[in-house]
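Visitor: Take a look at the following structure, please.
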Amino acid sequence: MSLTDRSATDLLAALEAGDVTAVACAEAFLDRIAATNGEINAFLSVNRDQALDEAARIDANRQSGKPVGPLAGLPVAVKDVLCTTDQPTTCASKMLAGYRPPYDADVVRRLREAGAVLVGKTNMDEFAMGGSNENSAFGLVRNPWDLDRAPGGSSGGSAAAIAADMAPLAIGSDTGGSIRQPAGLCGITGLKPTYGRVSRRGLVAFSSSLDQIGPMARSAADCALLMETIAGHDPGDSTSLDVAVPAYRAELDKPLKGLKIGRVAAHFGEGLDPEVAEHVENTFAAYEAAGATIHEVELPHAAHGVPTYYLIAPSEASSNLARYDGAHYGHRWDGTRPAEDGGITEFDSPLVEMYCRSRAEGFGPEVKRRIMLGTYALSAGYYDAYYAKALRVRRLIRQDFLDAFEQVDLIGGPVSATPAFKLGEKTDDPVAMYLVDLYTVGTNLAGIGGISFPCGFTGGGLPVGFQLQGPALSEPLLLRAAHQYQQTTDWHLRRSTALPA
Amino acid sequence: MADAGTPASELTPADVKKVALLARLALSGAELESLTAEMSKIVGFVGQLSAVDTSDVAPLAHPLDAQNVFRRDELAASLPTADALRNAPRHDGECFLVPAVLGDSGSA
Amino acid sequence: MTAATTSPFTTVIGLEVHVQLQTRTKLFCGCATTFGSPPNTQVCPTCLGLPGSLPVMNRRAFDLALRAALALNCEIASFTKWDRKNYFYPDLPKGYQISQFDLPFSFDGHLEVSDPKGAFEPRRVGIIRVHLEEDAGKSMHDEAAGTADSRIDLNRTGTPLCEIVTQPDLRSPQEARAWLNELKLLLVYLGVSDCNMQEGSLRVDANVNLHIPQDDGRVAKTPIVEIKNMNSFRSVERALAYEAERQWGEWQATGAELGSTPKQTRGWDDSAGITRGQRHKEESSDYRYFPEPDLVPVTVTADQVAAIRAEMGEPPAALRTTLENRWQISAYDADVLVNQGQELVHYFEELAGLVGEGKVASNWMQQDVLRSLNERGGVIADFPVGPAAVADIIGRIKQGDFDTSRGREIFAAVLETGKPVADVVASMGIAAVDDSDLRALCEELIAANPKIVADVQAGKEQAAGGLIGQAKRKNPNVNPGKIRALAIEMIRALS
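Residue numbers (numbering that gives the first Met the number 0), protein chains in the order written: chain Z, 0 to 500; chain P, 0 to 107; chain F, 0 to 494.
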């Protein structure tokens, strides 16, 4: 078995035992990246030299008996939405092409201190806005299971990197499903922690009250490993929870008997692909066989999740992205006026023109669309009907979950209505694209945790994902439930044949 | 899915232009056109929320119920000026440079 | 009270004051707030608004803001939150200012101002709200240099500001100036801000219009004008006076009333002595306020308010009276002490407590502590000689170890050397002169001064004073009073 076939848990054991060096490990994955990234485009930047230097340092420390961190020698891919001082941080946008942060994100700092070997920054939908990774300014990402299909988004690069064995561990971010949905479409495991569980310092903000950073890997056990490093209170983030971090791996094997899992009938409506529905139902049956009980629950306002999300997120984004104006960093218009074409050409001053043209050039169409929508929803006369209204419905959506969790421990169901769709299939219809988030936005709106993991394959060989959502701070239970499913199934171990071995 | 109870979900190009300037986006002619259609559609879509009864419901701005997070009034290291200016499109070693800011400040 | 009967109109003035809070660090990050540093040397990812940066509220800033609001007699909200005010400007790197919109932390206060010379009636000015927000940076445009660029210095971004908005209760430019002085005295006194307009730690905008009684009993109102760019309290007075006359002229020419035009902004030009209309920017006034998602709300309990009240001390006016009564010192002395600030008052009170009375303590404060403090520069908190040391010196004077002038020498030596009082006393060779030495010395002096002895025996006891100087020359440590008393006693015993 080559190194790139092994799980992070396995590799860590081998590294700790001295059976494999960090350099050998890093080389194996870096070579894999070199061999496949041209096709997949999962990575925007690869950190070969520094990664090997770091790996060598870790090997030297291990050999001389010096202490090393809990992830020492494990390669980790980081979504390009997180600040890294030694690699560019572009958020897959022309606006930040070449941008070099002067500080590391809190999560990146933790990874470095843990001895992780940061192999590169992964591709994503621009500024985390999208569900297919087709909105990147630096090229789309291909699903390793079918190169003509999307990997999902916005953490498409991280998902594809794991699925293609380019890294054993990856970091993604999830605002409306951006870890869970691509994990589902790429046949891997991804966790969106409870809001505030992982620090957002250094995460380039999209929608501040919804964004969370989370682990992506081949298995729940590997996600648990990564969570132990990245979770924790950060006094530099006012929304960070000051709550101790559980030893996530320690409880993975505790029995699931008595676990109550909710099933939402409304999830199984017309839009749900029948093969997806079948695998999801089989997963409920598997949990029952393992001693869990399944209960019908309702989330009465779930249907309003997508419109609520698509008011709150763009509104916050319109404000978060106002800083990208060409003044202090990022892309600035070079002064060349384009040909007249009926667009906006009158500006109050040269300064305003610089702002307007820099932003028009720097942002892609989906980002512009959401900034426009958010600006509109917050503007005078519309605030109450749109943004404020959405905040009220948000409370109702959260209450639905609180009520449901009085009856069940977790809620199960699909993570995506369909398996991976073809590239270009949804790009013409923004609303159609927004509906890919149907099953996932509620988790972010309520601030609770959700995990997605593979539960089967379609006849066409595409992965199908299953999602578990749990109350705030239920990550230990989510990881345990996913892990134990993975002890009796092997969906998560399968690999695509669409790529060279 | 437009609902009669919401403000008009049909945006005019003039509406879109106004929003674009507020958002500091120099949209092209083609963008103005496509955004007018797209925004109308999206606004119509999200406008379905007006049908939800929220008369007794307070807005939920933060998913947490957290309050009172503070830091102490203690000095921390600032960035060296070179780092602060490093990504600036134009600077003179001390300050950021932008097209002339004339007259009063931007806030009323 | 309406304006003087000779004026055809009443000037109605409201003020919007921004004061920078005297914290060590900025509102949301640990950068310093020092004025006048080289550009962009007090910045970090948070105040630069770099991608991924986050704010964390400075507790001290919030407490100082509470203090300001309490001093201004405001109601304190039990629940308050932060909001984003969105607009684009190069001195605002995030593209929004974190401020407070619909739930400010305080509201409904007042501050009175009166004129000791009676130029106007006492005026109670209502305060609509006091809220907390962050400052923006500075943009500098050097027209002379001829470049098309402005230079942006972000040192100031993120400095904590209290915004104080008054009701339009002021009725003359003089009142406005006096009120600002009163506000400054209060806030400086309480350590909230140094209110220095030259350094930008206090900024004022004014809103002014005229109320003009009509023949039919109706009161016509001119459109409200906002005046900006006033750089001193004197400018405020001059600008308001100018603007009132200008509006009167405009009223007579056009009769335009409040509501007929959008609110105008005019900038004061101090050298030309006029206000100039500024271009009205429509869309920039849609700030799209919404709750700041990166900060959590703040709750304030009655206990916390009480604690702030307790630690902030009394405002200057009340404190003067308290000191007079508590320590039996004169109004003049109380005034001198209070004007030096709270820290010095604490020092004085500690000293007076140790000494057991006010007048002596007050004298030492003014003649020795304050004088040396002013000579050395610096603040009382850093003054090397504490109240205990001064009390020690005073105590020794009282018990006769040495006289006051010697005591002041000792004070100066303690200040200079940093040594404890006892050590300084010892090193100056000051020691209590014991009784037998004193007797021996007196015998010597009596033997050497027959004329004085004769005078004393003749009833002129004050002649004994002539022995004191001689005694001190022989032994500087002698207590003059003791010498005199002993000499007289011994001389009497001779006869």
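Backbone N, C-alpha and C fix where the C-beta goes; we use that ideal spot for every residue, glycine too.
Predicted, not measured: the structure shown is a model, and the values here were computed from it.
For Z/Tyr308, which of helix, strand or coil comes out of DSSP?
Guide: Z/Tyr308: helix per DSSP, three-state reduction.
Visitor: Using a cut-off of 7 angstroms between C-beta atoms, extract the partners of Z/His327 located in chain P.
Guide: Going along chain P in sequence order, the residues near Z/His327 (Cβ under 7 angstroms) are Ala87, Phe95.
Visitor: Spell out whether any CB of chain F is found under 8 angstroms from the CB atom of Z/Glu315.
Guide: Yes, Z/Glu315 lies at the interface with chain F (some Cβ there is under 8 angstroms from its Cβ).
Visitor: Note down the Cα distance separating Z/Tyr438 from F/Asn206, rounded to an integer number of angstroms.
Guide: Between Z/Tyr438 and F/Asn206, the C-alpha separation is close to 53 angstroms.
Visitor: List, in chain order, every chain F residue whose beta-carbon is nearer than 9 angstroms to that of Z/Thr238.
Guide: Those are Leu53, Pro292, Asp293, Leu294, Val295, listed as they occur along chain F.
Visitor: In terms of DSSP beta bridges, what is F/Tyr95 paired with?
Guide: According to DSSP, which records beta bridges pairwise, F/Tyr95 is partnered with F/Asn85.
Visitor: What would DSSP say about Z/Thr89, mapped onto helix, strand or coil?
Guide: The answer is coil: DSSP assigns Z/Thr89 none of H, G, I, E or B.
Visitor: Using DSSP's beta-bridge definition, name the partner residues of Z/Asn142.
Guide: Paired residues: Z/Asp145.
Visitor: State buried or exposed for F/Phe497, treating a residue as buried only when at least 16 other CB atoms are found within 10 Å of its CB.
Guide: Chain F is shown from 0 up to 494; residue 497 of chain F falls before or after that span and cannot be answered.
Visitor: Which runs of the beta strand (DSSP E) at least 3 residues long sit entirely within the region 208-239 of chain Z? Give them in chain order.
Guide: The qualifying runs are 211-216.
Visitor: Distance check for F/Gln19 and F/Asp152, CA to CA, integer angstroms please.
Guide: When rounded, the distance between both Cα atoms is 17 angstroms.
Visitor: From the beta carbon of P/Val56, is the nearest beta carbon of chain F less than 8 angstroms away?
Guide: No, no contact with chain F.
Visitor: Looking only at its own chain, which residues have a Cβ that is under 8 angstroms from the Cβ of Z/Val22, when we skip the five neighbours before and after it?
Guide: For Z/Val22, where only same-chain residues beyond five positions count, the Cβ hits under 8 angstroms are Leu51, Ala54, Ala55, Asp58.
Visitor: Kindly indicate which three-state DSSP category Z/Ala326 falls into: helix, strand or coil?
Guide: Coil.
Visitor: Have a look at the DSSP bridge pairing and note the partners of Z/Gly446.
Guide: BP columns for Z/Gly446 are empty, so no partner.
Visitor: Quick one: list the residues of chain F neighbouring Z/Val107, beta-carbon separation under 7 angstroms, in chain order.
Guide: Result: empty, since nearest Cβ-Cβ is about 10 angstroms, beyond 7 angstroms.
Visitor: Using 10 angstroms around the beta-carbon of F/Glu282, count the other beta-carbons present and answer buried if the total reaches 16, otherwise exposed.
Guide: With a pLDDT of 48 at F/Glu282, under the threshold of 50, the predicted position of this residue should be treated as unreliable, and no value is reported.
Visitor: Using the Cα positions of F/Asn228 and F/Trp267, report the straight-line distance between them to the nearest angstrom.
Guide: When rounded, the distance between both Cα atoms is 5 angstroms.
Visitor: Which word fits P/Ala87, buried or exposed, when buried means at least 16 other C-beta atoms lie within 10 angstroms of its C-beta?
Guide: It counts as buried.
Visitor: Compare the beta carbon distance of Z/Val118 and Z/Asn40 with 8 angstroms and say whether it is the shorter of the two.
Guide: Contact: no.
Visitor: Please return the same chain residues whose Cβ sits closer than 8 angstroms to the Cβ of Z/Ala416, not counting the five positions on each side in sequence.
Guide: Within the same chain, Z/Ala416 has close Cβ partners Gly270, Leu271, Asp272, Val275, Leu434, Val435, Leu437, Tyr438.
Visitor: So the beta strand (DSSP E) Z/Gln468 belongs to, where does it begin and stop?
Guide: From DSSP, the beta strand (DSSP E) with Z/Gln468 extends over 462-469.
Visitor: Any contact between the region 403-411 of chain Z and the region 127-139 of chain Z? By contact I mean 3 or more CB pairs, one from each, below 8 angstroms.
Guide: The region 403-411 of chain Z is not in contact with the region 127-139 of chain Z.
Visitor: Please go through the region 132-191 of chain F and give each complete beta strand (DSSP E) segment of 3 or more residues, from N-terminal end onward.
Guide: Runs of the beta strand (DSSP E) inside the region 132-191 of chain F: 137-139, 148-152, 159-165.
Visitor: Could you tell me whether the Cβ of P/Leu74 comes closer than 8 angstroms to any Cβ of chain Z?
Guide: No, P/Leu74 does not count as interfacial toward chain Z.
Visitor: Going by C-alpha to C-alpha distance, which of Z/Phe362, Z/Val77, Z/Gly201, Z/Phe452 sits closest to Z/Val116?
Guide: When only C-alpha atoms are compared, the closest one is Z/Val77.
Visitor: Find the residues of chain P that neighbour F/Met56, judging by a C-beta separation of less than 8 angstroms, and give them in chain order.
Guide: Correct list: Val68, Phe69, Arg70.
Visitor: Skipping 5 residues on each side, what residues in its chain have a beta carbon closer than 6 angstroms to that of Z/Ile229?
Guide: Contacts found: Val106, Arg109, Val197.
Visitor: In chain F, what lies closer than 7 angstroms to P/Thr80 by C-beta?
Guide: Ordered by position in chain F, the residues that pass the 7 angstroms Cβ test against P/Thr80 are Asn39, Thr40.
Visitor: Using a Cβ cut-off of 8 angstroms, pull out every chain F residue sitting near P/Ala65, in sequence order please.
Guide: The answer, in chain order, is Val295.
Visitor: My output table needs one value for F/Glu282: the three-state DSSP class, helix, strand or coil.
Guide: Its pLDDT being 48, under 50, F/Glu282 is placed unreliably by the model, and the measurement read from it follows with that caveat. Helix, per DSSP.
Visitor: In terms of residues, what are the limits of the beta strand (DSSP E) holding P/Phe95?
Guide: Per DSSP, P/Phe95 belongs to the beta strand (DSSP E) from 95-98.
Visitor: Mind checking who F/Trp267 pairs with in its DSSP beta bridge?
Guide: Answer is F/Thr274.
Visitor: Could you give the residue range of the beta strand (DSSP E) that holds F/Asn478?
Guide: Run containing F/Asn478: none; DSSP gives neither H nor E here.
Visitor: Report yes or no: do three or more beta-carbon pairs, one from the region 440-453 of chain Z and one from the region 187-196 of chain Z, lie closer than 8 angstroms?
Guide: The answer is yes - the region 187-196 of chain Z touches the region 440-453 of chain Z, with three or more Cβ pairs under 8 angstroms.
Visitor: Going by DSSP, what residues sit across from Z/Pro453 in a beta bridge?
Guide: Answer is Z/Gly464.
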